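Worksheet for the structure shown next.
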Amino acid sequence: MTKRFKGIALLLVVMMFATLAAACSNNGTSGSGGSVSVGIVLPTKDEPRWVQDEQRFKDALSGTKYNTEILFSQGSSAKEKENVETLLNKGIKVLIICPQDGDAAAAAVEEAKKDGVTVISYDRLITNTDAVDYYVTFDSLAVGAAQGQYLIDHSKGSGQPLYLYAGAATDNNAFLFFQGAWEVLQPKIADGTFKIANSSEAEKLKDTKDLTRDQMSSIIGQVTTNWDPNEAKNKAQTHLTAAAADMKGDVVILAPNDGTSRSIADVFGSDSAITSYVITGQDAEQASIQYIIDGKQSMTVFKDVRTLVKDAMGMAVEVLDGKTPETTGSYNNGSADIKAKQTDVIVVDKENVKKELIDSEYYKASDFTGL
Ligand code: GAL
Numbered sequence: 000m001t002k003r004f005k006g007i008a009l010l011l012v013v014m015m016f017a018t019l020a021a022a023c024s025n026n027g028t029s030g031s032g033g034s035v036s037v038g039i040v041l042p043t044k045d046e047p048r049w050v051q052d053e054q055r056f057k058d059a060l061s062g063t064k065y066n067t068e069i070l071f072s073q074g075s076s077a078k079e080k081e082n083v084e085t086l087l088n089k090g091i092k093v094l095i096i097c098p099q100d101g102d103a104a105a106a107a108v109e110e111a112k113k114d115g116v117t118v119i120s121y122d123r124l125i126t127n128t129d130a131v132d133y134y135v136t137f138d139s140l141a142v143g144a145a146q147g148q149y150l151i152d153h154s155k156g157s158g159q160p161l162y163l164y165a166g167a168a169t170d171n172n173a174f175l176f177f178q179g180a181w182e183v184l185q186p187k188i189a190d191g192t193f194k195i196a197n198s199s200e201a202e203k204l205k206d207t208k209d210l211t212r213d214q215m216s217s218i219i220g221q222v223t224t225n226w227d228p229n230e231a232k233n234k235a236q237t238h239l240t241a242a243a244a245d246m247k248g249d250v251v252i253l254a255p256n257d258g259t260s261r262s263i264a265d266v267f268g269s270d271s272a273i274t275s276y277v278i279t280g281q282d283a284e285q286a287s288i289q290y291i292i293d294g295k296q297s298m299t300v301f302k303d304v305r306t307l308v309k310d311a312m313g314m315a316v317e318v319l320d321g322k323t324p325e326t327t328g329s330y331n332n333g334s335a336d337i338k339a340k341q342t343d344v345i346v347v348d349k350e351n352v353k354k355e356l357i358d359s360e361y362y363k364a365s366d367f368t369g370l
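According to numbering that gives the first Met the number 0, the residues represented by the sequence shown are 0 to 370, in order.
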């Protein structure tokens, strides 16, 4: 190699590293430098569900021409607002945001709207503001209905104890999941198939099929997990300690998502007075798929995040291209009807886990044992 050639080669290597370093400095960014056109804000890395979404966004974004950036709010509405401001300063045109707290996120998206940004509420609806343009979501009522129906389909005889748990009251979805489940469970409580084991508020409302938001709040207030597996575990322990013998034996448990389901299942599974339990879940988290294979969790509701990501990014690109995105209906958020695109969900248990999650390439068979 001549000296001059070596020099050029070295320069090229330095330039390559400089480009790489620039590309990497934008945390979670894809695209080729410059300003950011789509900002994505997700609630927390502490729940596997949102780490799934991050990965699926990254997969969908590799190779696109749009610059995007993903920021996490780590369970804090203040951090969420700061994230939105950071992205606004980078010149985003579209904001895809899954709120930590539906009401509290209103202020952040109002700021974005003022800047002329199109706001897409992602998975969870931002409530009580008209500063939301679109909502991309799964059918959350159907999630709850599927959970309730699973308990009914797997019930044994009559008078079975029913333990209720719910998500965080700051998450509009928690109400939709609960409502969906209650609508199918309530007639089975009324006809004596199930008896409520752990909520005096639910017991009071056992003859009411269509609950108001306030009525749901009173039940959720008692049985919330706050989406926190530890809180779920503590509540389950308290409930079982307080339960009389006739509230044990063969029981059914409405658990709102996979993280809480696994910790509640662990508590029920280690109580010798519990003969058997059927427990629901949601999100098809990898750890819960293993629980289902092992017979420790009964079912999950599979929400194919690939579809949600595709819909949200598809919408964002249409907005960037000056088109009007297609929607399938609307959701009232307390202030306005928000145009929505909704995706169906799939019930998964031991019977179809391989077909739905492995054959569809959502997970690899090697991620599990005993399949
Ligand atoms: C909900 C979401 C669920 C679940 C939960 C806990 O809003 O729709 O899929 O992940 O949050 O994070």
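Cβ coordinates follow ideal geometry from the N, Cα and C atoms, glycine included. Here the structure is a predicted model, which means the values were calculated and not measured.
Span of the beta strand (DSSP E), counted from its first residue to its last, around residue i
{"i": "V277", "result": "273-278"}
{"i": "V131", "result": "Note, V131: premise wrong, no beta strand (DSSP E); not H, not E."}
Per DSSP, the bridge partner or partners of residue i
{"i": "A165", "result": "T223"}
{"i": "V250", "result": "Y276"}
{"i": "V40", "result": "L70, I96"}
{"i": "Q159", "result": "F193"}
{"i": "V346", "result": "V300"}
{"i": "I337", "result": "Y330"}
{"i": "I119", "result": "I95, Y133"}
Near ligand 1: residue i beta-carbon under 6 Å from a heavy atom
{"i": "N256", "result": "yes"}
{"i": "D310", "result": "no"}
{"i": "R48", "result": "yes"}
{"i": "W181", "result": "no"}
{"i": "R212", "result": "no"}
{"i": "D366", "result": "no"}
{"i": "D336", "result": "no"}
{"i": "D282", "result": "yes"}
{"i": "N172", "result": "yes"}
{"i": "R261", "result": "no"}
{"i": "R55", "result": "no"}
{"i": "R123", "result": "yes"}
7 Å Cβ cutoff met for residue i and residue j
{"i": "T117", "j": "V250", "result": "no"}
{"i": "I119", "j": "A335", "result": "no"}
{"i": "A111", "j": "L94", "result": "yes"}
{"i": "T224", "j": "Y164", "result": "yes"}
{"i": "A339", "j": "T323", "result": "no"}
{"i": "A103", "j": "S76", "result": "yes"}
{"i": "S297", "j": "D257", "result": "no"}
{"i": "D265", "j": "L239", "result": "no"}
Host alpha helix (DSSP H) of residue i (start-end)
{"i": "D265", "result": "257-268"}
{"i": "N351", "result": "No alpha helix (DSSP H) holds N351; DSSP gives it neither H nor E."}
{"i": "A105", "result": "105-113"}
{"i": "K203", "result": "199-203"}
{"i": "F56", "result": "47-60"}
{"i": "K78", "result": "76-88"}
{"i": "T323", "result": "Careful: T323 lies outside any alpha helix (DSSP H) and carries neither H nor E."}
{"i": "S287", "result": "285-292"}
{"i": "Q146", "result": "139-152"}
{"i": "T63", "result": "Run containing T63: none; DSSP gives neither H nor E here."}
{"i": "L210", "result": "From DSSP, L210 is part of no alpha helix (DSSP H); its letter is neither H nor E."}
{"i": "L239", "result": "228-241"}
Neighbour flag for residue i against chain C, beta carbons, 7 Å
{"i": "Y361", "result": "This model lacks chain C altogether; it includes just one protein chain."}
For this session: Say whether the segment 139-152 touches the segment 194-201, bearing in mind that this needs 3 or more beta-carbon pairs closer than 8 Å, one atom from each stretch.
Result: no
For this session: Flag this pair as touching only if the segment 305-321 and the segment 47-67 have three or more C-beta atom pairs under 8 Å; answer yes or no.
Result: yes
Problem set entry | Segment contact flag, the segment 275-292 with the segment 246-261, C-beta cutoff 8 Å, min 3 pairs | yes
Exercise. So, do the segment 71-82 and the segment 119-130 have three or more beta carbon pairs nearer to each other than 8 Å?
Worked result: no
For this session: Decide yes or no for the touch test of the segment 337-347 against the segment 296-304: beta carbon pairs closer than 8 Å, at least 3 of them.
Result: yes
For this session: Kindly confirm or deny that the segment 227-236 and the segment 203-213 touch, where touching means at least three C-beta pairs closer than 8 Å.
Result: no
Problem set entry | Three CB pairs or more closer than 8 Å across the segment 42-50 and the segment 279-297 | yes
Exercise. Taking three-plus beta-carbon pairs below 8 Å as touching, is the segment 213-224 in contact with the segment 176-184?
Worked result: yes
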